[in-house]
Amino acid sequence: MLQVTGVVFVISAVFGSVTTGLYGLTMRILQAPLTMIGSSFSIVFYKEASEKVATNQKITKLLRTTIMTLAAISFPVFLTIMIFGPDLFSFVFGESWRDAGVYARILSPYLFMNFISSPVSHLPVILNKQRQFFLLSLIGNILILASIIVGAFVFDDFKTGLMLISITQVVFISCMLF
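Using this note's numbering, the first residue of the sequence shown is number 4, and each one after it goes up by one.
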């Protein structure tokens with residue numbers, strides 16, 4: 004919640020309500036279908052991974068297969084958003100929402116990685132590593148908030164903050180997956 008509210012607070016305080024609204028629409032539009040699809044995969048992953056861990060089997064292959072399946076499903080969607088995001092948002096919501104499509108384009112790599120790594124969120128419970136994952140999650144959330152703050156106060160540019168989010172989160176999530 005700190006990450007979500009912190010980002011919204013900084014965006015609102017520094018860039019104003021229009022930018023906050025565009026960012027909110029972008030995240031809501033991109034995350035809603037992904038959450039529904041990702042939840043289904045996560046439930047199946049949790050069940051299978053729990054059974055494997057309980058019987059001392061490795062879950063590496065299951066994790067890899069799940070991530071690759073999610074990547075195969077979502078890559079065309081995110082590629083389309085990266086290429087046509089501003090035009091799609093403008094067409095669906097009107098020209099005044101074009102910037103939301105620009106934000107979607109910038110955030111697509113991060114949201115793609117976040118989506119394909121969604122099954123990992125169950126690993127702390129399965130492996131009894133909640134403390135370690137909490138600390139890693141805290142680092143990831145701080146990186147997001149810091150990216151917006153650096154974009155705001157160092158570059159005075161919201162899009163730069165979003166680019167920093169995408170870059171830091173792609174690297175962070177890649178390291179988590181590894």
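Built from N, CA and C at the ideal position, the CB exists for glycine as well.
Computed from a predicted structure; not experimentally measured.
The continuous alpha helix (DSSP H) containing P112 extends over residues R101 to I119. In this structure, the CA atom of D102 is about 29 Å from the CA atom of S140. Closest in C-alpha terms to S121, from the list S42, G164 and I168, comes S42. Taking the Cα of L180 as reference, the smallest distance to any Cα among K162, T83, S53 and H125 is reached at H125.
Here G143 carries a helix assignment [DSSP, helix/strand/coil]. The C-beta separation of I84 from S53 comes to about 33 Å, leaving the pair out of contact by the 8 Å criterion. When rounded, the separation of the alpha-carbon atoms in T23 and I151 is 12 Å. Residue environment analysis places V7 among the exposed positions, since fewer than 16 neighbouring C-beta atoms fall within 10 angstroms of its C-beta.
Of all alpha-carbon atoms in L114, T163 and V21, the one lying nearest the alpha-carbon of F78 is that of L114. Here P36 is exposed, its C-beta having fewer than 16 other C-beta atoms within 10 Å.
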